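Those protein sequences? They're chains A and B, same order as listed. To get my numbering, take the position in the first sequence, counting from 1, and add 180. To get my numbering, take the position in the second sequence, counting from 1, and add 29. Just so you know, even glycine gets a beta-carbon here, dropped at the ideal spot from N, CA and C. Only a predicted model underlies this, so the values are computations on that prediction, with no experimental measurement involved.
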Amino acid sequence: MAKEEITYKAAVAEIEEILGKIEEGELDVDELTVNVKRVTELLKICKDKLRKTESEVTKILSEEDED
Amino acid sequence: MEKITLSALNHQIREATKRSFPSHVWVIAEINELNVNRSGHCYMELVEKSDSEEKIVAKSRATIWAFRFRMIRPYFETTTGSRLEPGIKVLVKAEISFHEIYGLSLNISDIDPNFTMGDLARRKKEVLEKLKNAGVLEMNRDLVLSMVPQRIAVISSETAAGFGDFMDSLVNNSYGFGFGVTLFPAIVQGDAAEKSIISALDQVYHDDHSFDAVVLIRGGGSQSDLDCFNGYELAMNIAQFPLPVLTGIGHERDETIADIVAHRSLKTPTAVAEFLVDRIQEFSEHISRLQERFSQALQLILSGERMTLQQMTSDLERLTGRYITEGDHHLNDYHKRVKSELRHIFSEQRAQLSDRSGRLKYLWKGLSEERKRDIRHLGEKKTRVTREMIRSRQEALSIAGRTLEMLRPEKVLKRGYSITRVNGKVLKNAADVGNGDQLETRVNGGVITSLVEKTKNNAHN
Numbered sequence: 181m182a183k184e185e186i187t188y189k190a191a192v193a194e195i196e197e198i199l200g201k202i203e204e205g206e207l208d209v210d211e212l213t214v215n216v217k218r219v220t221e222l223l224k225i226c227k228d229k230l231r232k233t234e235s236e237v238t239k240i241l242s243e244e245d246e247d
Numbered sequence: 030m031e032k033i034t035l036s037a038l039n040h041q042i043r044e045a046t047k048r049s050f051p052s053h054v055w056v057i058a059e060i061n062e063l064n065v066n067r068s069g070h071c072y073m074e075l076v077e078k079s080d081s082e083e084k085i086v087a088k089s090r091a092t093i094w095a096f097r098f099r100m101i102r103p104y105f106e107t108t109t110g111s112r113l114e115p116g117i118k119v120l121v122k123a124e125i126s127f128h129e130i131y132g133l134s135l136n137i138s139d140i141d142p143n144f145t146m147g148d149l150a151r152r153k154k155e156v157l158e159k160l161k162n163a164g165v166l167e168m169n170r171d172l173v174l175s176m177v178p179q180r181i182a183v184i185s186s187e188t189a190a191g192f193g194d195f196m197d198s199l200v201n202n203s204y205g206f207g208f209g210v211t212l213f214p215a216i217v218q219g220d221a222a223e224k225s226i227i228s229a230l231d232q233v234y235h236d237d238h239s240f241d242a243v244v245l246i247r248g249g250g251s252q253s254d255l256d257c258f259n260g261y262e263l264a265m266n267i268a269q270f271p272l273p274v275l276t277g278i279g280h281e282r283d284e285t286i287a288d289i290v291a292h293r294s295l296k297t298p299t300a301v302a303e304f305l306v307d308r309i310q311e312f313s314e315h316i317s318r319l320q321e322r323f324s325q326a327l328q329l330i331l332s333g334e335r336m337t338l339q340q341m342t343s344d345l346e347r348l349t350g351r352y353i354t355e356g357d358h359h360l361n362d363y364h365k366r367v368k369s370e371l372r373h374i375f376s377e378q379r380a381q382l383s384d385r386s387g388r389l390k391y392l393w394k395g396l397s398e399e400r401k402r403d404i405r406h407l408g409e410k411k412t413r414v415t416r417e418m419i420r421s422r423q424e425a426l427s428i429a430g431r432t433l434e435m436l437r438p439e440k441v442l443k444r445g446y447s448i449t450r451v452n453g454k455v456l457k458n459a460a461d462v463g464n465g466d467q468l469e470t471r472v473n474g475g476v477i478t479s480l481v482e483k484t485k486n487n488a489h490n
């Protein structure tokens, strides 16, 4: 689970890539297991992330202008 | 020199004015000041500026009496979307009146909103032209909004109803999607609005990697106070902002410049929230479709594999089945053939046997009693003779055995015979020994050794 912070875009791209391979029949049954596991994991990450609230309403504090 | 009182003069001016301007006149001017007193009368200062808008080239007081102002103002503001306030250009229907005490004043009975709209439109067009020339008009629109815009920077007035609506729609979305919202408070109405919004954008800019989109919403308020969203400076900032800017300014009529340069403009703050939720829902559906495709593809593969296995199994079964039934057939065949062969052989033999026995029986039957008896006798005699023969032979054998027993050398020695050896050889003839030869004589009970003194041969030898 090293890639916990994978972006949606990357996750979807990876899912689509694996899916393409599966649909094209490029994977044999043994390879399938690993990839199935990965896709399941990615789908779960995406779904979990969709419903995770990153932060509640916060306010930018003072106006420290001038950079 | 003719002299005249001031009142007479003013009276003359009043009359002359009346004569010169017998009815109303449509006058183009810019509102420079505007005050409404307690009884609802509106007092304005109208001006005309030079082309460069630096110098005032004409100025006049104007009045809208309360009973008219009550109707003119809302009509003007709802039609133009702009507030009746200093800074805008108007086309007014005015009667020119000159009062001996108060002097010249325009008594306004109507304002044509179309003129102001046209003027605003022209100004907007100019701004848009400038943005286009600067090459920024479509910059923000060309940005790609995240598939899942969950981290939102909101620029709004904290207390605005629109902000509340936005948050409500977003946080309580029916799908339960999570959002991270950060508010960057700004004034979104009046003269200070443009600067305030730009400053809020600057703050977001410093932390732009933390957000997927900027939402610029205006909380309720007057439908007419949209000028701040038409400014060139704000438009430049929005257009060039590195994150997609979504507007929900809450107007009903023309788009503002901010709307035009924004990544996307929506009618209300609530609509912005719905747009965000819908976009995430779209992604969520995409994910679901992928999942569906995924499980279908898997099922297809698995059922394919399963079918192959089944096919192989049934092939195997069919093949082995055929083998077995074929083998069975063969075996059955063999079995049958062997059986019939055996039956054949047996029946032949049986036939032969029964044939013979039949013939024998028949022969037997044909024989006379006497013959039968003879034959029976013959049989019995044959048996008896054979038996006797055997017995006598056995006797002869036992005699021979006994004779043999007697002839055994030990027994012979016992009876007084001896065996003499000379030089290890059995002595069978007297001529075989000479004087001095040593003889070894075996007798019953031992061996005697002797020396020859004399020999005498039998005469006939």
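query: Under the three-state reduction of DSSP, which class applies to residue 481(B): helix, strand or coil?; result: coil
query: Alpha carbons only, please: which of 85(B), 288(B) and 126(B) is nearest the one belonging to residue 153(B)?; result: 288(B)
query: Where does residue 223(B) land, buried or exposed, given buried means 16+ other C-beta within 10 angstroms?; result: buried
query: Using the three-state DSSP reduction, which class does residue 94(B) fall into: helix, strand or coil?; result: coil
query: Check distances from the C-beta atoms of the region 281-313 of chain B to those of chain A and list, in chain order, the residues that come in under 8 angstroms.; result: 309, 312 and 313
query: Rounding to the nearest angstrom, what Cα-Cα distance links residue 123(B) and residue 106(B) in this structure?; result: 19 angstroms
query: Tell me the rounded alpha-carbon separation between residue 155(B) and residue 286(B).; result: 11 angstroms
query: Of all the residues that make up the region 190-215 of chain B, which are near chain A by a beta-carbon distance shorter than 9 angstroms?; result: 196, 200, 204, 205, 206, 207, 208, 209, 210, 211, 212, 213 and 214
query: Secondary structure at residue 59(B), three-state DSSP: helix, strand or coil?; result: strand
query: Report all residues from its chain with a CB closer than 6 angstroms to the CB of residue 50(B); omit the five preceding and five following residues, and keep chain order.; result: 125
query: Using 8 angstroms as the cut-off, classify the Cβ of residue 345(B) as near or not near the heavy atoms of the ligand FAD, replying yes or no.; result: This structure lacks the ligand FAD, and indeed carries no ligand of any kind.
query: My guess is that residue 481(B) and residue 461(B) are in contact by the Cβ rule of under 8 angstroms, so how many angstroms apart are they, rounded?; result: Rounded, the Cβ-Cβ distance is 11 angstroms, inconsistent with contact.
query: Listed in chain order, which residues of the region 217-232 of chain A have Cβ atoms closer than 7 angstroms to some Cβ of chain B?; result: 219, 223, 226, 227, 230, 231 and 232
query: Would you mind working out which of 92(B), 234(B), 137(B) and 386(B) sits nearest residue 52(B), comparing C-alpha positions?; result: 137(B)
query: Under a three-way DSSP split, which group does residue 183(A) fall into?; result: Only weak support is given to the placement of residue 183(A): the predicted model assigns it a pLDDT of 41, under 50, and the value that follows is read from those uncertain coordinates. If DSSP states are grouped into helix, strand and coil, residue 183(A) belongs with coil.
query: Using a Cβ-Cβ distance under 9 angstroms, would residue 214(A) count as near chain B?; result: no
query: For the alpha helix (DSSP H) containing residue 438(B), list its first residue and its last residue.; result: 438-443
query: According to the Cβ coordinates, are residue 75(B) and residue 93(B) closer than 9 angstroms?; result: no
query: Counting C-beta neighbours from all protein chains within 10 Å, is the total for residue 378(B) 16 or more, i.e. buried, or is it exposed?; result: exposed
query: How big is the Cα-Cα spacing for residue 442(B) and residue 459(B)?; result: 20 angstroms
query: Grouping DSSP H, G and I as helix and E and B as strand, with all else coil, what is residue 40(B)?; result: helix
query: To the nearest angstrom, how far is it from the Cα of residue 417(B) to the Cα of residue 362(B)?; result: 57 angstroms
query: Answer with yes or no whether the minimum CB distance from residue 196(A) to chain B is below 9 angstroms.; result: yes
query: What are the residues of the region 198-210 of chain A that lie near chain B, defined by any Cβ-Cβ distance shorter than 7 angstroms?; result: 199, 202, 203 and 209
query: Determine which residues share a DSSP beta bridge with residue 127(B) and list them.; result: 133(B)
query: Anything in chain A within Cβ reach of residue 176(B), meaning under 7 angstroms, just list it in chain order.; result: 188 and 189
query: Closer than 7 angstroms by beta-carbon distance: list the chain A residues that pair up with residue 334(B), in chain order.; result: 209
query: For residue 304(B), which residues in the same chain have their Cβ closer than 6 angstroms to its Cβ, ignoring the five residues on either side in sequence?; result: 295
query: Could you check the C-alpha separation between residue 440(B) and residue 431(B) for me, to the nearest Å?; result: 12 angstroms
query: Mapping the DSSP letters down to three states, classify residue 462(B) as helix, strand or coil.; result: coil
query: Please name the residue, chosen from 435(B), 381(B), 429(B) and 471(B), that lies closest to residue 448(B) on a Cα-to-Cα basis.; result: 471(B)
query: Just tell me which of 219(B), 215(B) and 234(B) has its CA closest to the CA of residue 225(B).; result: 215(B)
query: What residues of chain A sit near residue 491(B), judged by a beta carbon separation below 7 angstroms?; result: Because residue 491(B) is not part of the residues shown, which for chain B are 30 to 490, the question remains open.
query: Going by DSSP, what residues sit across from residue 343(B) in a beta bridge?; result: According to DSSP, which records beta bridges pairwise, residue 343(B) is partnered with nothing at all.
query: So, with DSSP's three-state summary, where would you put residue 182(B)?; result: strand
query: Could you please give me the residues that DSSP links to residue 254(B) through a beta bridge?; result: 111(B)
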